[in-house]
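Numbering (our numbering), first residue to last: 93 to 294.
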(Lines of atoms letter the chains of each structure in order from A; the text may use other names.)
(Lines give C-alpha, C1' and ligand atoms only; values in the text may rest on other atoms or scores of the structure.)
Protein backbone atom coordinates (compact mmCIF):
# COMPACT_ATOMS: atom_id res chain seq x y z
CA UNK A 93 0.00 0.00 0.00
CA UNK A 94 2.99 2.33 0.21
CA UNK A 95 4.32 1.92 -3.28
CA UNK A 96 7.06 -0.50 -2.33
CA UNK A 97 7.71 -3.50 -4.52
CA UNK A 98 10.06 -6.41 -4.28
CA UNK A 99 11.01 -9.77 -5.68
CA UNK A 100 10.13 -13.01 -3.89
CA UNK A 101 13.52 -14.50 -3.18
CA UNK A 102 12.60 -17.63 -1.25
CA UNK A 103 9.48 -19.63 -0.44
CA UNK A 104 9.70 -22.00 2.52
CA UNK A 105 7.21 -24.29 4.28
CA UNK A 106 5.25 -22.59 7.06
CA UNK A 107 7.03 -24.64 9.73
CA UNK A 108 10.38 -23.12 8.64
CA UNK A 109 9.16 -19.54 8.95
CA UNK A 110 10.16 -17.49 12.02
CA UNK A 111 7.48 -17.61 14.72
CA UNK A 112 6.36 -15.70 17.80
CA UNK A 113 6.66 -17.04 21.34
CA UNK A 114 3.13 -18.49 21.11
CA UNK A 115 4.02 -20.36 17.89
CA UNK A 116 2.28 -18.00 15.46
CA UNK A 117 4.35 -17.99 12.25
CA UNK A 118 4.95 -14.78 10.28
CA UNK A 119 3.50 -14.72 6.75
CA UNK A 120 6.22 -12.75 5.01
CA UNK A 121 9.68 -11.43 5.84
CA UNK A 122 10.77 -8.13 4.30
CA UNK A 123 14.33 -6.88 3.99
CA UNK A 124 14.63 -3.73 6.17
CA UNK A 125 17.11 -2.24 3.66
CA UNK A 126 14.13 -1.58 1.38
CA UNK A 127 12.84 1.17 3.69
CA UNK A 128 15.34 3.90 4.70
CA UNK A 129 16.87 4.80 1.33
CA UNK A 130 13.40 5.07 -0.22
CA UNK A 131 12.13 7.04 2.80
CA UNK A 132 9.10 4.79 2.77
CA UNK A 133 8.23 4.99 6.48
CA UNK A 134 4.48 4.78 5.86
CA UNK A 135 4.71 1.00 5.80
CA UNK A 136 6.46 1.00 9.19
CA UNK A 137 3.66 3.14 10.62
CA UNK A 138 1.07 0.77 9.15
CA UNK A 139 2.94 -2.22 10.60
CA UNK A 140 2.90 -0.75 14.12
CA UNK A 141 -0.70 0.45 13.97
CA UNK A 142 -1.86 -2.88 12.52
CA UNK A 143 -0.08 -4.77 15.29
CA UNK A 144 -1.61 -2.60 18.03
CA UNK A 145 -5.05 -2.77 16.37
CA UNK A 146 -5.05 -6.58 16.19
CA UNK A 147 -3.85 -7.00 19.77
CA UNK A 148 -6.43 -4.51 21.09
CA UNK A 149 -9.11 -6.42 19.18
CA UNK A 150 -7.93 -9.65 20.82
CA UNK A 151 -8.07 -8.04 24.28
CA UNK A 152 -11.59 -6.72 23.64
CA UNK A 153 -12.65 -10.19 22.43
CA UNK A 154 -11.34 -11.76 25.67
CA UNK A 155 -13.16 -9.13 27.75
CA UNK A 156 -16.33 -9.78 25.80
CA UNK A 157 -16.12 -13.51 26.55
CA UNK A 158 -15.64 -12.65 30.24
CA UNK A 159 -18.68 -10.32 30.13
CA UNK A 160 -20.82 -13.13 28.67
CA UNK A 161 -19.79 -15.32 31.63
CA UNK A 162 -19.97 -12.78 34.47
CA UNK A 163 -22.33 -10.12 33.09
CA UNK A 164 -19.97 -7.32 34.27
CA UNK A 165 -19.65 -4.59 31.63
CA UNK A 166 -17.85 -1.63 33.34
CA UNK A 167 -14.32 -2.91 32.57
CA UNK A 168 -15.17 -3.33 28.88
CA UNK A 169 -16.74 0.14 28.74
CA UNK A 170 -13.64 1.62 30.42
CA UNK A 171 -11.32 -0.02 27.86
CA UNK A 172 -13.43 1.21 24.93
CA UNK A 173 -13.41 4.73 26.40
CA UNK A 174 -9.63 4.54 26.59
CA UNK A 175 -9.33 3.43 22.95
CA UNK A 176 -11.98 5.64 21.37
CA UNK A 177 -12.53 8.47 23.86
CA UNK A 178 -15.78 9.03 25.74
CA UNK A 179 -17.35 11.25 23.10
CA UNK A 180 -16.98 8.66 20.34
CA UNK A 181 -19.17 6.11 22.14
CA UNK A 182 -22.32 8.21 21.96
CA UNK A 183 -25.34 8.05 19.67
CA UNK A 184 -27.42 11.24 19.41
CA UNK A 185 -25.53 12.63 22.39
CA UNK A 186 -26.39 9.64 24.60
CA UNK A 187 -23.96 7.02 25.91
CA UNK A 188 -24.37 3.57 24.28
CA UNK A 189 -26.51 1.24 26.38
CA UNK A 190 -25.17 -2.18 27.42
CA UNK A 191 -26.68 -4.05 24.46
CA UNK A 192 -25.32 -1.54 21.91
CA UNK A 193 -21.90 -1.59 23.60
CA UNK A 194 -21.68 -5.39 23.42
CA UNK A 195 -22.72 -5.33 19.76
CA UNK A 196 -20.14 -2.65 19.01
CA UNK A 197 -17.38 -4.52 20.88
CA UNK A 198 -18.19 -7.76 19.04
CA UNK A 199 -17.30 -6.05 15.76
CA UNK A 200 -13.83 -5.26 17.11
CA UNK A 201 -12.72 -8.84 17.77
CA UNK A 202 -10.60 -9.00 14.60
CA UNK A 203 -9.00 -5.62 15.23
CA UNK A 204 -9.84 -2.03 16.07
CA UNK A 205 -10.29 0.00 12.86
CA UNK A 206 -7.84 2.90 12.66
CA UNK A 207 -7.59 5.73 10.15
CA UNK A 208 -4.69 8.13 9.92
CA UNK A 209 -5.13 11.08 7.51
CA UNK A 210 -2.34 11.94 5.10
CA UNK A 211 -1.17 15.32 6.42
CA UNK A 212 -2.54 15.04 9.94
CA UNK A 213 -1.71 11.43 10.73
CA UNK A 214 -0.82 9.53 13.89
CA UNK A 215 2.23 10.88 15.69
CA UNK A 216 4.87 8.68 17.27
CA UNK A 217 3.40 9.33 20.73
CA UNK A 218 -0.03 8.14 19.56
CA UNK A 219 1.47 4.95 18.16
CA UNK A 220 3.46 4.27 21.33
CA UNK A 221 0.35 4.89 23.45
CA UNK A 222 -1.67 2.41 21.37
CA UNK A 223 1.10 -0.21 21.59
CA UNK A 224 1.27 0.16 25.37
CA UNK A 225 -2.52 0.00 25.62
CA UNK A 226 -2.37 -3.28 23.72
CA UNK A 227 0.21 -4.62 26.18
CA UNK A 228 3.03 -4.56 23.61
CA UNK A 229 6.58 -3.27 23.77
CA UNK A 230 6.95 0.48 23.09
CA UNK A 231 9.30 -0.27 20.20
CA UNK A 232 6.69 -2.39 18.40
CA UNK A 233 9.26 -5.19 18.30
CA UNK A 234 9.04 -8.76 19.57
CA UNK A 235 11.28 -11.77 19.96
CA UNK A 236 11.12 -14.25 17.08
CA UNK A 237 12.28 -17.86 16.92
CA UNK A 238 13.90 -19.46 13.88
CA UNK A 239 11.50 -22.09 12.53
CA UNK A 240 14.35 -24.30 11.28
CA UNK A 241 16.69 -24.35 14.28
CA UNK A 242 14.17 -23.48 17.03
CA UNK A 243 16.62 -20.89 18.40
CA UNK A 244 15.65 -17.35 19.28
CA UNK A 245 17.05 -14.63 17.04
CA UNK A 246 19.69 -12.49 18.72
CA UNK A 247 17.67 -9.26 18.58
CA UNK A 248 14.04 -8.16 18.61
CA UNK A 249 12.24 -7.77 15.28
CA UNK A 250 9.49 -5.40 14.11
CA UNK A 251 6.34 -7.46 13.53
CA UNK A 252 2.89 -6.27 12.55
CA UNK A 253 -0.02 -6.37 10.14
CA UNK A 254 0.00 -4.60 6.77
CA UNK A 255 -1.76 -4.87 3.44
CA UNK A 256 0.55 -6.67 1.03
CA UNK A 257 -0.77 -6.80 -2.52
CA UNK A 258 0.46 -9.08 -5.28
CA UNK A 259 1.96 -7.16 -8.17
CA UNK A 260 0.93 -9.28 -11.13
CA UNK A 261 4.35 -9.60 -12.78
CA UNK A 262 4.99 -13.32 -13.02
CA UNK A 263 8.00 -14.96 -14.61
CA UNK A 264 5.77 -17.35 -16.62
CA UNK A 265 4.35 -14.36 -18.48
CA UNK A 266 7.72 -12.69 -18.99
CA UNK A 267 9.94 -15.57 -20.11
CA UNK A 268 10.69 -15.41 -23.81
CA UNK A 269 13.24 -16.68 -26.36
CA UNK A 270 13.62 -16.79 -30.15
CA UNK A 271 16.05 -17.83 -32.84
CA UNK A 272 15.02 -16.25 -36.16
CA UNK A 273 12.17 -13.74 -36.18
CA UNK A 274 11.06 -10.32 -37.34
CA UNK A 275 13.56 -7.53 -38.03
CA UNK A 276 13.12 -3.78 -38.22
CA UNK A 277 12.63 -2.63 -41.81
CA UNK A 278 14.66 0.51 -41.17
CA UNK A 279 17.71 -0.75 -39.24
CA UNK A 280 17.50 -4.46 -40.11
CA UNK A 281 18.01 -5.20 -36.42
CA UNK A 282 15.78 -7.67 -34.54
CA UNK A 283 12.67 -6.14 -32.94
CA UNK A 284 12.55 -5.86 -29.14
CA UNK A 285 10.20 -7.37 -26.60
CA UNK A 286 8.07 -10.45 -26.15
CA UNK A 287 5.00 -8.90 -27.77
CA UNK A 288 6.93 -8.30 -31.03
CA UNK A 289 8.64 -11.73 -30.81
CA UNK A 290 11.87 -9.77 -30.46
CA UNK A 291 15.45 -10.90 -30.00
CA UNK A 292 17.62 -11.10 -26.88
CA UNK A 293 20.51 -8.81 -26.14
CA UNK A 294 23.65 -10.35 -24.77
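Note that the Cβ used here is the ideal one computed from N, Cα and C, for glycine as well.
CA-CA distance, residue 233 to residue 192, rounds to 35 Å. Exposure of residue 129 is indicated by the presence of fewer than 16 other C-beta atoms within 10 angstroms of its C-beta. Cβ atoms of residue 174 and residue 225 come within 8 Å of each other, at about 6 Å. Here the C-alpha atom of residue 123 lies approximately 16 Å from the C-alpha atom of residue 137. If you look at residue 151, you'll find it in the alpha helix (DSSP H) that goes 134-162. Along the length of the region 194-273, whole alpha helix (DSSP H) runs at least 4 residues long occupy 216-225 and 263-266, reported in chain order. By the beta-carbon neighbour count (other beta carbons within 10 angstroms, threshold 16), residue 141 is buried.
Selection 132, 161, 271 and 121 evaluated against residue 102 yields 121 as nearest (Cα-Cα).
With respect to residue 220, residue 149 sits apart: the two C-beta atoms are not nearer than 9 Å. The continuous alpha helix (DSSP H) containing residue 172 extends over residues 166-176. Collapsing the DSSP output to three states places residue 126 in a helix. Residue 278 sits in coil when the DSSP states are folded into three classes, being neither helix nor strand.
When the beta-carbon positions are compared, residue 206 and residue 214 come within less than 9 Å of each other. The residues 137, 141 and 214, in chain order, have a CB closer than 8 Å to that of residue 208 in the same chain once the five nearest residues on each side in sequence are set aside. The Cβ atoms of residue 111 and residue 285 do not sit closer than 9 Å to each other. Contact between residue 235 and residue 248 holds, with the beta-carbon distance rounding to 6 Å and staying under 8 Å.
Rounded to whole angstroms, residue 196 and residue 166 show a C-alpha spacing of 15 Å.
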